[in-house]
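Chains A and B, in that order, give the protein sequences.
In this text, residue positions in the first sequence follow our numbering: the first is 1, and each later residue adds one.
In this text, residue positions in the second sequence follow our numbering: the first is 299, and each later residue adds one.
Where is the CB? At the ideal position from N, CA and C, for every residue including glycine.
For reference, the structure discussed in these notes is given below.
There are 2 protein chains.
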Amino acid sequence: MGAVTADGQILSRIERPTEPQRGPAAVLATLEQVLRDLLASYPGVIAVGVACAGQIHPRTGAVIYAPNLAWRDVPLAEHLTRALDVRIVVENDVRAAAWGEFRFGAGAGARSLLAVFVGTGVGSGAVLDGALWRGAANGAGEIGHTQVVWDGLPCPCGQRGCLEQYVSGSGFQRRLRHALTEGVRTRLAAVTEGEPGRLTAAMVQAAAEVGDGFARGIRDEAERYLALAVANYVTLVNPDALVLGGGVIETVPRLFDAVAAGVPRLTTILARSLRIERARLGDGSGVIGAAALAAPSA
Amino acid sequence: MGAVTADGQILSRIERPTEPQRGPAAVLATLEQVLRDLLASYPGVIAVGVACAGQIHPRTGAVIYAPNLAWRDVPLAEHLTRALDVRIVVENDVRAAAWGEFRFGAGAGARSLLAVFVGTGVGSGAVLDGALWRGAANGAGEIGHTQVVWDGLPCPCGQRGCLEQYVSGSGFQRRLRHALTEGVRTRLAAVTEGEPGRLTAAMVQAAAEVGDGFARGIRDEAERYLALAVANYVTLVNPDALVLGGGVIETVPRLFDAVAAGVPRLTTILARSLRIERARLGDGSGVIGAAALAAPSA
């Protein structure tokens, strides 16, 4: 949580563990309490923006489904609006982050922007002609579930060949888990002490650098398919700026380079007018974007 | 050319060969003359919309590049505006067709629509929240050049694995040409009298039906990759309607069926609210859409 100024600066920042196993009511109570404290410290606050991973109802601000929290139909905006005397806006976290980068980060000056974030999963947000595009059912931008390989790696979503299986923290872990059951030899077995859930993008990068075949293979595929999926997105939407961010992009500099080199090559003439940038707001983009969405006139 | 009513009906229709080898000036003169005749017959015409294959300047209506006509920087709108005392609007033909289907065809009632047309090439137009989306550089919607296979079939655009190589009239011809040079045995050699440029989608369909292995192979890949590319488009944009049209879709009914079955399967929850329809305006969609764009208040 942060207090954000009208020009997108975070004045102070508070972090609390969500502990979703406590259930929605307890999580909402914690959220409300920390928010009360922050509002008491900053009496000038005119609106509160909440960035939440999951599917958000575009009008009511209810959380329709948030897999990370195991929430279904939780009236987040309604609860906070009742509890606190201030305007509340809830937005999907990736879309909020895209808006943050558009308003105050790497996208400043653009009219139309695609922001792609690679972390545990892969998501994106699109700003088209100055407005956030949410989709007809508030579900736009799921680039992590575009299919980059026909009949490729299975994805928990039920499809095969989703980008997220080739280039995300969770995808890397799943690939290692599968490789270990297949008896593939890789130093990542020792690095993770045989627990694929400990694998990080930094470990993949480090092992690839010292010539580990498995690590090099999955890193190369990550570069290839991220460039391909992002190029296809650009070919369809034709934005004037493309922003890449998220923990995996920050950890593995080659990924940004692969996209920056691959997208102009894979998109022909459209890319001539395209600016490709690293995200600039780090993990503050969601807080800043949600605040800017809640107080658009500021 | 057609006279179009405010409710999207074509009253009369005139066709003339373009004969681009005569050069832009002669083509423009023919266009102007036929247009004068039509305007004389319909004195109530308030605006003229022109749908043109190629890249159109969004403000000036100049043809920046039209490969089929071999035009570069031809001031089409300016020329017609000078010659005729009526409002002229020039739009890319596929985008005009998408707008036609949105306003008066299969997309009626939708707020956001993707229209994909498969013919000699593959193109698309997007209507987002009631407005045509053209892209930052007027280049949005090039689904034919999204890449469905990494390092796949070479495309004249310079890339590899473009959808258009797997599912278009020109793509089928290129595949047959390559197959014949490789000595592949297929009845399509006899059907086309050894000239791949005579191949039509109907011939592919007919040969596949009687068990020709080559024809069946390219038809199956056409179904597979069209469904995949369209599903990825839907996953990124999340429209409420998807319209498929064009000569190849009309000739090969299985293609529509493959997309109608594949997209819901390949897009998970987003597709629940998606309507998938065949285009309804046939080859009139461009004329009707261009007219509707030229006289939006009608």
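Hey, out of D240/A, G105/A and R278/A, whose CA is closest to I249/A's CA?
Taking the first sequence and counting its residues from 1, the one referred to as residue 249/A is at position 249. The option with the nearest alpha carbon to I249/A is R278/A.
Near A207/A, which residues of its chain fall below 6 Å by C-beta distance, leaving aside the five closest residues on each side in sequence?
As a position in the first sequence, residue 207/A is number 207, starting the count at 1. Cβ within range, chain order: R187, L188 and A215.
Excluding the five sequence neighbours on either side, which residues of its own chain have a C-beta within less than 8 Å of the C-beta of L309/B, listed in chain order?
The residue given as residue 309/B occupies position 11 in the second sequence. Cβ neighbours of L309/B beyond the five flanking positions: G300, A301, V302, T303 and Y340.
When you compare the CB positions of I312/B and V325/B, do they come within less than 8 Å of one another, or not?
Translated into positions along the second sequence, residue 312/B becomes position 14. Translated into positions along the second sequence, residue 325/B becomes position 27. In this structure, V325/B does not lie closer than 8 Å to I312/B by Cβ.
Can you find a CB in chain A that lies within less than 8 Å of the CB of Q503/B?
As a working mapping, residue 503/B is identified with position 205 in the second sequence. No, Q503/B lies away from the interface with chain A (no Cβ there is under 8 Å from its Cβ).
Looking at the C-beta of T146/A, does it have a partner C-beta in chain B at a distance below 8 Å?
For the purposes of this step, residue 146/A is identified with residue 146 of the first sequence, where counting begins at 1. For T146/A, the answer is yes, since a Cβ of chain B falls inside 8 Å of its Cβ.
Compare the C-beta of N68/A against all C-beta atoms of chain B and say whether one is closer than 8 Å.
Counting from one through the first sequence, the residue named residue 68/A turns up at place 68. No - not a single Cβ of chain B is within 8 Å of the one on N68/A.
Give the residues from the stretch 453-474 of chain B that approach chain A closer than 7 Å (Cβ to any Cβ), ordered along the chain.
C455, G456 and Q457
Is any beta-carbon of chain A found at less than 8 Å from that of Y531/B?
Counting from 1 along the second sequence, the entry for residue 531/B is found at position 233. Yes - at least one Cβ of chain A is within 8 Å of the one on Y531/B.
Does any residue of chain B have a CB that is nearer than 8 Å to the CB of D240/A?
On the first sequence, position 240 is the one that residue 240/A refers to. At least one chain B Cβ lies under 8 Å of D240/A.
Note down the Cα distance separating S466/B from V508/B, rounded to an integer number of angstroms.
Along the second sequence, one-based indexing puts residue 466/B at 168. Along the second sequence, one-based indexing puts residue 508/B at 210. C-alpha separation (whole angstroms): 21 Å.
V127/A: which of A404/B, A368/B, W431/B and N530/B sits nearest, CA to CA?
Position 127 of the first sequence, counted from the start, is the residue given in the question as residue 127/A. Comparing Cα positions, the closest option is W431/B.
By the DSSP assignment, the beta strand (DSSP E) with N92/A in it spans what residues?
Within the first sequence, numbered from 1, the residue matching residue 92/A stands at position 92. Taken as a continuous stretch (DSSP letters only), the beta strand (DSSP E) holding N92/A covers R87 to N92.
According to a CB-to-CB cut-off of less than 7 Å, which residues of the stretch 418-434 of chain B neighbour chain A?
L426, W431, G433 and A434
In or out: G125/A buried (at least 16 other Cβ within 10 Å) or exposed?
The residue you call residue 125/A lines up with position 125 of the first sequence. It is buried - the Cβ of G125/A has at least 16 other Cβ atoms within 10 Å.
Spatial neighbours of C155/A within its chain, please: CB distance less than 8 Å, with the 5 preceding and 5 following residues excluded, ordered by chain position.
Taking the first sequence and counting its residues from 1, one reaches residue 155/A at position 155. Counting only Cβ-Cβ distances below 8 Å, and skipping sequence neighbours, we find H145, G161, C162, E164 and Q165.
Run through chain B and tell me which residues come within less than 9 Å of V230/A, C-beta to C-beta.
Within the first sequence, residue 230/A is the residue found at index 230, counting from 1. The premise fails here: V230/A is roughly 11 Å from chain B at the closest Cβ pair, so nothing lies under 9 Å.
Based on the DSSP output, what are the partners of A300/A in its beta bridges?
Any property of residue 300/A remains undetermined from this structure, which presents chain A solely from 1 to 298.
Since G262/A meets chain B, which of its residues come closer than 7 Å, beta carbon to beta carbon?
Here residue 262/A refers to the residue found at position 262 of the first sequence. Near G262/A there are no residues of chain B at all, since even the closest Cβ is about 11 Å away, more than 7 Å.
Does the Cβ-Cβ distance between G246/A and F104/A come in under 8 Å?
Translated into positions along the first sequence, residue 246/A becomes position 246. Translated into positions along the first sequence, residue 104/A becomes position 104. Not closer than 8 Å, so no.
By the 10 Å Cβ neighbour count, where 16 or more other Cβ atoms means buried, how is G433/B classified, buried or exposed?
Counted from its first residue, the second sequence places residue 433/B at position 135. Buried is the call here.
Using a Cβ cut-off of 9 Å, pull out every chain B residue sitting near V237/A, in sequence order please.
One-based indexing of the first sequence puts residue 237/A at position 237. Simply A424, W431, G433, A434, A438, G439, L534 and V535.
Just to confirm, is the Cβ distance from S389/B to L579/B under 8 Å?
Counted from its first residue, the second sequence places residue 389/B at position 91. Counted from its first residue, the second sequence places residue 579/B at position 281. Checking the sequence, you will find Glu at residue 389/B rather than Ser. No, the pair does not count as a contact, with Cβ atoms beyond the cut-off.
Any residues in the stretch 50-81 of chain A with a beta carbon nearer than 9 Å to a beta carbon of chain B? Which ones, in chain order?
Q55 and Y65
Measuring only the C-alpha atoms, how far is T549/B from D212/A?
Here residue 549/B refers to the residue found at position 251 of the second sequence. Here residue 212/A refers to the residue found at position 212 of the first sequence. So the alpha carbons of these two residues sit roughly 51 Å apart.
Where I218/A and N436/B are concerned, what is the direct C-alpha to C-alpha distance, given to the nearest angstrom?
Working through the first sequence from its first residue, we reach residue 218/A at position 218. Working through the second sequence from its first residue, we reach residue 436/B at position 138. Looking at the two C-alpha atoms, the distance is approximately 36 Å.
Which of helix, strand or coil does DSSP assign to D73/A?
Along the first sequence, read from residue 1 onward, the residue named residue 73/A stands at position 73. DSSP places D73/A in strand when its eight states are reduced to three.
Check distances from the C-beta atoms of the stretch 185-210 of chain A to those of chain B and list, in chain order, the residues that come in under 8 Å.
none
Counting pairs of Cβ atoms below 8 Å between the stretch 41-57 of chain A and the stretch 65-84 of chain A, do you hit three or more?
yes
Can you tell me the Cα-Cα spacing of A47/A and L382/B, whole angstroms?
Within the first sequence, numbered from 1, the residue matching residue 47/A stands at position 47. Within the second sequence, numbered from 1, the residue matching residue 382/B stands at position 84. Roughly 54 Å separates the two Cα atoms.
Per DSSP, what kind of secondary structure is E277/A in: helix, strand or coil?
Numbered from its first residue, the first sequence carries residue 277/A at position 277. The answer is strand: DSSP assigns E277/A an E or B state.
With 16 other CB atoms within 10 Å as the buried threshold, where does T490/B fall?
Your numbering for residue 490/B matches position 192 in the second sequence. Flag for T490/B reads buried.
Taking the beta carbon of R314/B as the centre, do at least 16 other beta carbons fall within 10 Å, making it buried, or is it exposed?
Counting from 1 along the second sequence, the entry for residue 314/B is found at position 16. So R314/B counts as exposed.
Of all the CB atoms in chain A, is at least one closer than 8 Å to the CB of L524/B?
By one-based count along the second sequence, residue 524/B stands at place 226. No, because no Cβ of chain A sits closer than 8 Å to the Cβ of L524/B.
Strictly below 8 Å CB to CB, what residues from chain B border S273/A?
Taking the first sequence and counting its residues from 1, the one referred to as residue 273/A is at position 273. Below the 8 Å Cβ cutoff, chain B contributes A434 and A435 as neighbours of S273/A, in chain order.
In the DSSP assignment, find the alpha helix (DSSP H) that holds G359/B and state where it starts and stops.
Indexing the second sequence from 1 puts residue 359/B at position 61. No alpha helix (DSSP H) holds G359/B; DSSP gives it neither H nor E.
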